[in-house]
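To start, the structure under review is shown below, and the notes come after it.
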Amino acid sequence: APGGAPGARLRDALAAQGILRDNCTTNDALKLRRALMEVGLVVEPGDVDKILHAYADPRGVVSLVKLCEEVDPQAFSFIFPTATQVSTGASQMLVERSIRANESPESIRNQIRAALRRRAGEEGTQNVVLAFRSHDPARSGLLAKASLRSALERLGLKIAPGPNLSKAWDALIAAHGARDLDGSTKLDIHALLLGMQHDEAEPSSHRPAIYEFKEFFFTEPNSDTTPVAPDE
134 APGGAPGARL RDALAAQGIL RDNCTTNDAL KLRRALMEVG LVVEPGDVDK
184 ILHAYADPRG VVSLVKLCEE VDPQAFSFIF PTATQVSTGA SQMLVERSIR
234 ANESPESIRN QIRAALRRRA GEEGTQNVVL AFRSHDPARS GLLAKASLRS
284 ALERLGLKIA PGPNLSKAWD ALIAAHGARD LDGSTKLDIH ALLLGMQHDE
334 AEPSSHRPAI YEFKEFFFTE PNSDTTPVAP DE
């Protein structure tokens, strides 16, 4: 989100370097330095190493999500929040609730859709599309479970691994699942993005915008192509 909130800008820069999530290690100093330069921060190599080690666990795996949250507590939010808050320095942050056993798949999907709509309103629809497209380099239109979590985190939306992620995945697959060439079931990104514009109980009245989602997904970022809605 160029020009946006500092946490969102840092989040995007880290994601572009592939080090936002727990795939970052203490050996990724150069990538972190590049990401910091993207948001206008020139940090000496020795200080970059200190940052990495400050956010590393005993295995050397680094969580830069925590760094983003300390820069800007609003950079991330849970899709399934509770009213309970925890202190993070001078700030208060919501924590994630457990998805109830009797919570319907429709309710789970609608909460995910609402979170995506909020991010589209805050950071732009194109940013939402790009977050998913960046995790689909083959342009297959399909996403695996681990990639879903990464794409959502690029948008600042968190689902904790474990039961909540599994329940959210199952709910999405029930409505938007598709068979990949290897026989596995993955998430149809196009169906998710089209569905995000309204809750399941509401009829869609946004056909032109929906059409633009699909066109943008298959258009390269620097293309001058302007989507045009098809004739009725």
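Numbering-wise (our numbering), the sequence shown opens with residue 134 and increments by one. We put the CB at the ideal spot given by N, CA and C, even for glycine.
| field | Limits of the beta strand (DSSP E) - the one that R312 falls within | value | 310-312
| query | For S240, which three-state DSSP category applies? | reply | S240 falls in the helix class under three-state DSSP.
| task | Spell out the partners DSSP gives A301 in its beta bridges. | result | Bridge partners of A301: none, in fact.
| query | Is it true that the CB of K300 sits closer than 9 Å to the CB of S210? | reply | no
| query | Which value, in whole angstroms, describes the spacing of the CA atoms of I184 and A264? | reply | 25 Å
| request: Please state if the CB of A304 and the CB of I245 are separated by a distance shorter than 9 Å. | output: yes
| Cα-Cα, which of R192, L200, A311 is closest to N160? | R192
| field | Per-residue DSSP class, three states only, for L275 | value | strand
| said: Which of the three DSSP states is assigned to G151 in this structure? | reply: coil
| message | Let's test the definition: count the other Cβ atoms within 10 Å of the Cβ of H339 and tell me whether it reaches 16, buried, or not, exposed. | response | Here the model assigns H339 a pLDDT of 45, short of 50, so the residue's position is not dependable and the matter cannot be decided.
| Exposed or buried, V228, counting other C-beta atoms within 10 Å across all chains shown (16 or more means buried)? | Using a 10 angstroms sphere on the CB of V228, the tally of other CB atoms stays under 16, which defines it as exposed.
| message | Please report the distance separating the alpha-carbon of A146 from that of I306. | response | Roughly 30 Å separates the two Cα atoms.
| Does any CB atom of chain C fall closer than 9 Å to the CB of S299? | Of the protein chains in the structure, only one exists, and it is not chain C.
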